[in-house]
Each structure stands twice: as structure tokens, then as C-alpha cells.
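Asks: Using my numbering, you'd call the opening residue of the sequence shown number 79 and step up by one each time.
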Amino acid sequence: MLQRAGRTGESSLMNNLNKPPYPSPKRSWYMVVLLTLAYFISYIDRTVIGLLVEPMKADLGLTDGQMGLLLGLAFGIFYATMGLPLGWLADRTRRVTIVSCAIALWSAATAFCGLASNYLQLFLLRMSVGVGEAALSPCTMSMIADSFPKEKRGKAIAVYSMALSLGTATAYYAIGALLAALRGVEVLNWPLVGAIRPWQAVFIIVGLPGLLLALVMLTVREPTRRDLKLDDVRSMRSVPGLRYRLGPSAPWLMFRHVFTHWKTYLTFVLPFCLMTTVAYTHFWMPAVFSRTWGMDTPEFAQIKAVVTLVCAPATVFAAGALSDYLVRRGRDNAPLLIAVAGAFVFAPTGFLIALMPGTFPAFAVMGVSLIGIATTTSTGVTALLMITPAQFRGQITAVYYMAISITGLLLGPSTVGWLSDWFNGGTGVAGMDALVEWVLPGATGAKSLALAFAAVPLLYGSIVLALAPVTLRCFRRELVRVQSQAA
């Protein structure tokens, strides 16, 4: 009798955990709006330092090498590696609290960059920005998955992902306007702060709004976790309204799941790593336009911001909406199909940008390439959530972002730079110099960067397109397995 009661209780608990009601649309979209605003602010805080390189170098006596570490290593390493432990934490504690604390951390760190007086302080503060921002996306994807049914997640994730392109354009325009307003000002005297330089004022102004958002984020109600397996719930520290023992093997449950289904996750993540690598080559785009066509950086930045606004946000939203529509019609693999279609757009167009005869056609091709990149931005994560158990969504999303961030940062810009030096100095390979000269006359000299910029999408994009059938087949097989278990 007791055993039957125990089994009945566990069965009832299991049903309640698996099928709690979704939050109301109003509550869910309120959460998405605040998370999107957080992502928007995070991208401005992330990129502001790139627009302040010259005044910072002049005031602090920094070298290009030191600035390069602030731009990349200080932020990137911790942004990439801290996602996993923070994702693990997101699967066990209140995600709203984590997001609120994360926003406060990166916003305060950005503002304190305006009070830094030496390189070490700036380096540590940039590390803090990376740690804070690493928590946002794993928590966001987990919360969205628990707030929307699968046929409505694509649109929610698309709205969130739009913040990336909107933040990029806003960073160029707003910070540029702020710098223009402070042009000619040597020192500002602010209450409580004292005398500061204009670049320091920019850091403070950019960082402060996030502190207010961190407080507003606490008004979001924690979504109830869904589709949990009872054995794994027992090893979790907290589920809304429930508490369980955290067993010693709990940190490895996610790894056990990934290793069990390693072929699915490997064939899924690898193409997205390579696609991100192609996207990160865009860091070189101002230099490509400058060296190839003589366009100065401010002019490029203004046009690039317009092209980004026109092409990227609407595409991200449309891709998410199309994904939801197709899933409702029974095409559960639609998110990945759309992402693969995006790869077939941006791989060839990314190759062609630097080979155009002038800036106008180059910007036109860039716009098409951005449409392809934007198509994959939200639909890839949407597809990942469809094959990932609820109790691992925060961790596996964190691993996903860690993988694409590390790969993109290490392979994208560095491969372009290495190939540019190689072409510029002569490859030393029989027939290669002649081929390079035939593809792009003068490439072994001043135009070496243009050819290197074109070569990376050709190289990595070809691998992505070759892997596409395998990725789709493994994903479809995993979807069938997940759906059969749910039934």
C-alpha cells in the first residue's frame, strides 16, 4: 500500500512537473521585453571601448597591443568560459535573480571603467563585464523555453536576438553623437566624481542605465520549469515551490547526456562554430574598406549602421516567425532548416564582399550577407532547445555560446590576419602566388587583406555547407527520439 502510494505520489509529481501551465502571454512577453533590453544594453557596454581607443591610448599611454587585449582577451575569455558554470547555476537557482545580478555587475564595471586610472584596473573591469554578460543568454533561453510552447518560441527568441543588431547600430550612432557633443572639452568636473576626461564620461553615462534595469528585472516572475525528469529533479537544488538534494554527480549529468548523444550535438554545434567564425571576420571590415577603396572609418561606420538596421533586425524577426509557422504545421525541424538556408546565403556573399569593384556594390553584397547571418542568429538556438531536456537547457546553451564564441574569436580575425601577412609576403608555394594574383591583381601587396577576408568565408563556409546534410539528418533523428519519449 505504501509503495503504491509512493508510486502514485511520484507519478502525480511527475505530471505536475512535466505539464504546468505556461505563463500568460502578457507575463511572458513582459519578460522577453526586459531581457531584450538587457541584451541591447549589454552589446552597447561591450562595444563602447572600441570607439574610445584613441583617447584612452593618449591619456593612459597604452600601446596597440595593450588595447587589443582589452578589446578581446580581457572580455572574451571570461565571456566564453564563465557561461558554463553560470548556466549550471541557472539550471538550479532562480534565473531572474542571476540575470538581475549579472546586469548590475557588467553595468557597474562599465561605469567604473570611467574611473579607472591605469591599465590593470581597466583589464580587471573588462573581465567583470565579460563575467556579467556571460550569464544573460543561458538564463534567457532557459526562461523563454519555460514560458512559451515550442511553436511560439521562435518569435520570442527572434525578438531577443534583434537586440544584437540594434545594439550595434545604436552604439555607433549614440556614442558617436556623445563624442561629438564632447568634442573640444578637455576636462569635465562632476559632483562626487571630480575631474574626468570625456572618454571617462562616456563609460559612466553608458554604464548607469543598466543599474536601473537590474532593479526592474526583479519584477519578472520566475517561470516554472517544465518537462523535468524526476530522477534529475531530485538532484537539483531548487524548482519553484520544491527543494531537492543536490547529489555529488549532479554537475556531470549534463555531460553524461551530451556524451550519450555526442553525434547529434557535435554535428549541430560544429557548423554554428564555423558560421560564427565567418561572422567574426567582420571585425576586419573597416580596414578592408579603408585599404581597398580608401574609405575612412567614420564614414564606413555610419553606412554600416544603416545597412545593419535595414537588413538585420527585420530578418531576425521574420526568421523566428517563419520558424513558428512551420513548426505549427508539423515541420519540427524548421528552425534548423532556416538556419542552414541562412548559411547558403552568407557563405558565398561573405566571400564576394571584398572582391567587389567599389564601395556601393560591396555594401549591397554586405547587406545580403547580413541577412544570411541574421537568419541563423535566432533559429539556431531555437533548434537547440527542441532537442535539449529542460533541466540542462541553461548549461547546454552556455556550452553552445562558449563554443561559438571561442571558435569565432580565435579563428575568425586571426585567420584573416595570418592569411593577409602570408599573401602580402608571398606564399612561397609554387603556383600559389600566380593564382592569388589572377584572382585579385595586386593582392600580394596592398590588397592582401581583401583576399584574406574573402578566403575565410570560402574556407569555413564550404565546410558548413558540406556538413549540412549530416547535421539535418542527425537532428531529425534526435527529434524523433525526443518526441517518442514525450509520448
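Cβ coordinates follow ideal geometry from the N, Cα and C atoms, glycine included.
For G272, list the residues DSSP reports as bridge partners.
Replies: According to DSSP, residue pairing for G272 in a beta bridge involves W268.
Asks: Please state the DSSP three-state secondary structure of P227.
Replies: coil
Asks: The alpha helix (DSSP H) that contains N502, what's its start and end?
Replies: R471 to N502
Asks: Between which residues of its own chain and L448 is the CB-CB distance below 6 Å, once the five residues before and five after are set aside?
Replies: C389 and A390
Asks: Look at T386 and F281 and say whether their C-beta atoms are less than 8 Å apart.
Replies: no
Asks: Work out the CA separation of L151 and R551 for me, nearest whole Å.
Replies: 36 Å
Asks: Counting C-beta neighbours from all protein chains within 10 Å, is the total for G372 16 or more, i.e. buried, or is it exposed?
Replies: exposed
Asks: Would you say Y358 and S225 are within 8 Å of each other, going by their C-beta atoms?
Replies: no
Asks: To the nearest angstrom, report how far apart S220 and Y238 are at their CA atoms.
Replies: Distance between the alpha carbons of S220 and Y238: 13 Å.
Asks: Thinking C-alpha only, which one of M353, M332, N411 and E377 is nearest S540?
Replies: M353
Asks: Going by C-alpha to C-alpha distance, which of N502, A530, D410 and E132 sits closest to V558?
Replies: D410
Asks: Are the Cβ atoms of A452 and Y251 separated by less than 8 Å?
Replies: Result no, Cβ atoms of A452 and Y251 do not sit closer than 8 Å.
Asks: Under a Cβ-count criterion, where at least 16 other Cβ atoms within 10 Å of its own Cβ denotes burial, should W362 be classed as buried or exposed?
Replies: buried
Asks: Give the secondary structure of S447 by DSSP, where H, G and I count as helix, E and B as strand, and everything else as coil.
Replies: helix
Asks: Near T437, what residues of its chain come up, given a Cβ to Cβ distance below 7 Å and the 5 sequence neighbours on each side ignored?
Replies: F367, W371 and M373
Asks: Answer yes or no: do L433 and A532 have a C-beta to C-beta separation smaller than 8 Å?
Replies: The Cβ-Cβ distance between L433 and A532 falls below 8 Å.
Asks: Grouping DSSP H, G and I as helix and E and B as strand, with all else coil, what is G285?
Replies: In the structure shown, the three-state DSSP call for G285 is helix.
Asks: So, at 8 Å on beta carbons, what are the nonlocal neighbours of L162 in its own chain, with the 5 sequence-adjacent residues on each side left out?
Replies: Q473, A476, V477 and M480
Asks: What does the Cβ neighbour count give for P439, buried or exposed, with the cut at 16 atoms within 10 Å?
Replies: exposed
Asks: Where do the N-terminal and C-terminal ends of the alpha helix (DSSP H) with L331 fall, by residue?
Replies: L331 to T338
Asks: When you compare each of L112, T141, P103 and A168 to A471 by their alpha carbons, which one comes out closest?
Replies: Before going further, note that residue 471 is Arg rather than Ala in the sequence given. When each option's Cα is compared against that of R471, the closest is A168.
Asks: Between the Cα of V76 and the Cα atoms of P491, F153 and A158, which residue gives the shortest distance?
Replies: This structure gives no information on residue 76, because the portion of the chain shown stretches from 79 to 565.
Asks: Rounded to a whole number of angstroms, what is the C-alpha to C-alpha distance between L202 and Q380?
Replies: So the alpha carbons of these two residues sit roughly 31 Å apart.
Asks: Cα separation between M205 and Y157?
Replies: Distance between M205 and Y157, taken at the CA atoms: about 8 Å.
Asks: Looking at G398 and T457, is the spacing between their C-beta atoms short of 8 Å?
Replies: G398 sits close to T457, with the two beta carbons spaced by under 8 Å.
Asks: What are the boundary residues of the alpha helix (DSSP H) that includes I431?
Replies: Note, I431: premise wrong, no alpha helix (DSSP H); not H, not E.
Asks: Residues in the same chain with beta-carbon distance under 8 Å from A273, minus the five sequence neighbours each way, listed in chain order, please.
Replies: V265, L266 and N267
Asks: Which residue comes first and which comes last in the alpha helix (DSSP H) that contains F156?
Replies: A152 to T159
Asks: Would you call V111 buried or exposed, if buried means 16 or more other Cβ atoms sit within 10 Å of its Cβ?
Replies: exposed
Asks: Quick one: residues in its chain with C-beta nearer than 6 Å to the C-beta of C351, no 5 flanking neighbours on either side, listed in chain order?
Replies: A481, I482 and T485
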